[in-house]
Structures are given as C-alpha cells and as structure tokens.
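Below is one structure; the comments refer to it alone.
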C-alpha cells in the first residue's frame, strides 16, 4: 500500500467519524424542524429522527411510515458515499462527475420535491409522519 493510499484511507475514516459524530449529536439534541415550526408544513425530512428510533427498536414498518421517501433514499445514499470513498482511495474519477450520476441526482431531487409537496396536500396524509 502506497503512502498516498494510506493518507486517503485515513481521510475517509476521519470524514466517516466526523459525519457519525454529527449524526449522533443531532440525534441526541433533537432540534425541531424549522420549516414545520414556521410554516406548519412538513419538510421532506420530517420524521427522520422518529424513523431512526423505530429502526433501532426493530419496527421496520413504523420506520417506513415516518418518512417513506428517505427510508428508501438514505440507504442508497450510504451506498453512494461508500462508492465515492472507494473511488477516492483508488484515485479513480469520482462518481458525481459521471453523466449517469447527474441524471440520478436530478431524479432523486425531483422525486424528493414531489414527495415533500404531496405529503402536505389533503388526501396524502399517509405520507406525513405519524
């Protein structure tokens, strides 16, 4: 293993630890959703803390009901970040610079926006956190 590869692995581990610490801090502090408090509407991420709590209890269906969109997207984002880390360590071209990934990002953004809008409309109450 070259010294450059070792440095890259060390950086990836540091970023992972920093992100884990930040997620743990947010989970512990439980800040309220500013969008929900100021507008009364659910944002696209409303229910994520409760979703994680339900997953930690082993209640998969209850976790899905808190935020169906992010229940699906967050594991895919973790796989994406792992792929970016592998590309970085190997010195390969980042995934986000590939044309197909830009299309995927756009699709995720559009679907997320539609989800955030629908969960606040009458008739789509099931999309909101319970």
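In our numbering, the protein residues as written are 1 to 130. Glycine residues also receive a C-beta, built at the ideal position from the N, C-alpha and C atoms. Please read these numbers as outputs of a predicted model, since none were measured by experiment.
Going by alpha carbons, who is nearest to residue i out of the options?
i, options, result
"residue 19", "78, 130, 118 and 110", "78"
"residue 120", "9, 15 and 46", "46"
"residue 11", "84, 52 and 42", "84"
"residue 36", "126, 124 and 116", "116"
"residue 50", "40, 61 and 14", "61"
"residue 118", "42, 38, 32 and 9", "42"
"residue 9", "128, 97, 86 and 125", "86"
Along the chain, where does the alpha helix (DSSP H) containing residue i start, and where does it finish?
i, result
"residue 3", "3-29"
"residue 88", "68-90"
"residue 50", "48-57"
"residue 125", "From DSSP, residue 125 is part of no alpha helix (DSSP H); its letter is neither H nor E."
"residue 100", "99-118"
"residue 36", "34-39"
Throw me the rounded Cβ distance for the residue i and residue j pair, which I believe falls under 8 Å.
i, j, result
"residue 16", "residue 65", "In fact, because the Cβ distance is near 29 Å, the residues do not count as touching under 8 Å."
"residue 80", "residue 56", "23 Å between Cβ atoms; not a contact."
- Kindly confirm or deny that the stretch 4-21 and the stretch 88-95 touch, where touching means at least three C-beta pairs closer than 8 Å. Contact holds: three or more Cβ-Cβ distances are below 8 Å.
- Message: Under 8 Å, with one C-beta from each stretch per pair, do the stretch 66-73 and the stretch 98-114 reach the 3-pair mark?
- Response: A contact exists between the stretch 66-73 and the stretch 98-114.
- Does the stretch 25-38 touch the stretch 97-108, meaning 3 or more C-beta pairs lie closer than 8 Å? The stretch 97-108 is not in contact with the stretch 25-38.
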